[in-house]
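A short worksheet on the structure shown next.
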Amino acid sequence: MAKKVQGYVAIIIIIYMAVNGFMYLRQPAMVFFPARDLSENPDDWGLQYDDVFIKTADGVTINGWFIPEKNSDKALLFLHGNGGNISHRKESVEIFNRLGLNVFIIDYRGYGISEGSPDEKGLYLDAQIAWDYLIKKGFDKTKIIIFGRSLGGAIAINLASKVKPGALIIESTFSSARDMGQSIFPLLSRVLIFRYSFNSGELIKKINSPLLVIHSPDDEIIPFKLGKKVFDAANEPKSFFSLQGDHNNGFIISQPDYEKRLAEFIMGK
79 MAKKVQGYVA
89 IIIIIYMAVN
99 GFMYLRQPAM
109 VFFPARDLSE
119 NPDDWGLQYD
129 DVFIKTADGV
139 TINGWFIPEK
149 NSDKALLFLH
159 GNGGNISHRK
169 ESVEIFNRLG
179 LNVFIIDYRG
189 YGISEGSPDE
199 KGLYLDAQIA
209 WDYLIKKGFD
219 KTKIIIFGRS
229 LGGAIAINLA
239 SKVKPGALII
249 ESTFSSARDM
259 GQSIFPLLSR
269 VLIFRYSFNS
279 GELIKKINSP
289 LLVIHSPDDE
299 IIPFKLGKKV
309 FDAANEPKSF
319 FSLQGDHNNG
329 FIISQPDYEK
339 RLAEFIMGK
């Protein structure tokens, strides 16, 4: 009887290890969806820009676009989501340009024509060197706004917890990789070993910059409750704006209220 029990335990352990091994190896493909081809550039949008190449602390060269606004001393660092690349962010770049901001949008490693392949630590390094680029261009850190959408929200929160920006805007983001896992695989996530943490719900507690959290109750990819969890954990001053529509198009569907709310936050911070 004891040997039979030991046999069952051994089988369970083998299955557990096999499932975790498979899922661990699969996690990068489940988290990152980069596109390599740049389909457009700001010239196509009627915007002047500088094509920027900067090297991270671990030696990876990443690409970004700096879209200047000569009459403004404020800059926005744009950290996009986990899919596509910078050439797919036309509507957002145009919004922030209309709001009178210098905009610097980067492609993480493995996205667009940036070198390397994406991972959590690497994306944090990419955001840090983008911040350093703006500082070297002469922007005061109190005049720099960090904006992160979806996965970019987690990267933005990590960066803001270190550099103390003038303001932070996070849109359609989540509280942690484990919380996301629980929303997708409620039972399986309890036994999975997570390769990434993206622990925004904890890091947000270190930030005292003015904060705007944006999320849609109709978000079909990242649950609204996870955006609220980040907001609830955050320090004042903070505000929340509810979008309409789905994960990828909510900010467009919510116009003109979306842009008006951004303008109020940027002018009032």
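So the mapping is simple: our numbering equals the position in the sequence shown, first residue as 1, plus 78.
Built from N, CA and C at the ideal position, the CB exists for glycine as well.
- Look at K338 here: in three-state DSSP terms it is helix.
- The straight-line gap separating the alpha-carbon atoms of D324 and I330 is approximately 10 Å.
- Ranking K283, S287, K306, I285 by CA distance to the CA of H293 puts K306 first.
- Using a Cβ-Cβ distance cut-off of 8 Å, the stretch 126 to 133 and the stretch 154 to 162 are not in contact, since fewer than three pairs of beta carbons, one from each stretch, lie closer than that value.
- If you keep only unbroken beta strand (DSSP E) runs of at least 3 residues inside the stretch 186 to 211, you get nothing at all.
- Proximity of the stretch 221 to 229 to the stretch 311 to 324 falls short of the contact definition, fewer than three beta-carbon pairs being nearer than 8 Å.
- Excluding residues up to 5 positions away in sequence, L290, I292, R339 lie with their Cβ nearer than 7 Å to the Cβ of F319 in the same chain.
- Secondary structure note for F174: its alpha helix (DSSP H) is the uninterrupted segment 168 to 176.
- The straight-line gap separating the alpha-carbon atoms of Y127 and I213 is approximately 18 Å.
- Taking C-alpha positions only, N141 is separated from A205 by approximately 11 Å.
- Put simply, the stretch 270 to 287 touches the stretch 241 to 253. At least three CB pairs are less than 8 Å apart.
- If you compare the alpha carbons of I262, L179, I164, S261 with that of S192, the shortest gap goes to I164.
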